[in-house]
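What follows is a set of notes on a single structure, which appears directly below.
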Amino acid sequence: MSSNRAEYNVGDRVRVDLPDETDPDHDRYHGEHGRVVDVLEDEAGSLTGDGRDSIIYRVEFNNGEELDLRHQSIRPPIQ
414 MSSNRAEYNV
424 GDRVRVDLPD
434 ETDPDHDRYH
444 GEHGRVVDVL
454 EDEAGSLTGD
464 GRDSIIYRVE
474 FNNGEELDLR
484 HQSIRPPIQ
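Written out as structure tokens, the structure is:
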């Protein structure tokens with residue numbers, strides 16, 4: 414991984430935050446908790462000027478489903 418710093422690491426428990434009710438994943442995933450199973454990187458940060466935008470978190474849920482999310486859509490878990 415380059416100089417972009419991931420806020421979460423593989424194994425971290427996270428909560429999905431998709432406040433936009435028109436997002437196709439909102440009803441299914443908003444408020445759900447999962448675990449980061451991979452941290453990927455692309456070039457999005459070079460377009461936005463925010464290196465965090467280059468980090469993609471692959472989150473796995475208890476039912477085995479996975480969803481790729483960026484930092485704006487992930488929060489610390491609710492204990």
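Sequential numbering from 414 applies to the sequence shown in my numbering.
Virtual Cβ for every residue (Gly too), placed ideally from N, Cα, C.
For residue i, the nearest candidate out of the options (CA to CA)
i, options, result
"Val423", "Asp463, Ile469, His443 and His439", "Ile469"
"Asp451", "Arg441, Arg471 and Gln485", "Arg471"
"Glu454", "Glu478, Arg465 and Leu480", "Arg465"
"Val449", "Thr461, Asp425 and Val429", "Asp425"
Coil, strand or helix - residue i by DSSP
i, result
"Leu460", "helix"
"Asp481", "strand"
"Tyr470", "strand"
"Arg465", "helix"
Unbroken alpha helix (DSSP H) run spanning residue i, endpoints
i, result
"Asp440", "His439 to Tyr442"
Start-to-end residues for the beta strand (DSSP E) that takes in residue i
i, result
"Asp451", "His446 to Glu454"
"Val427", "Arg426 to Val429"
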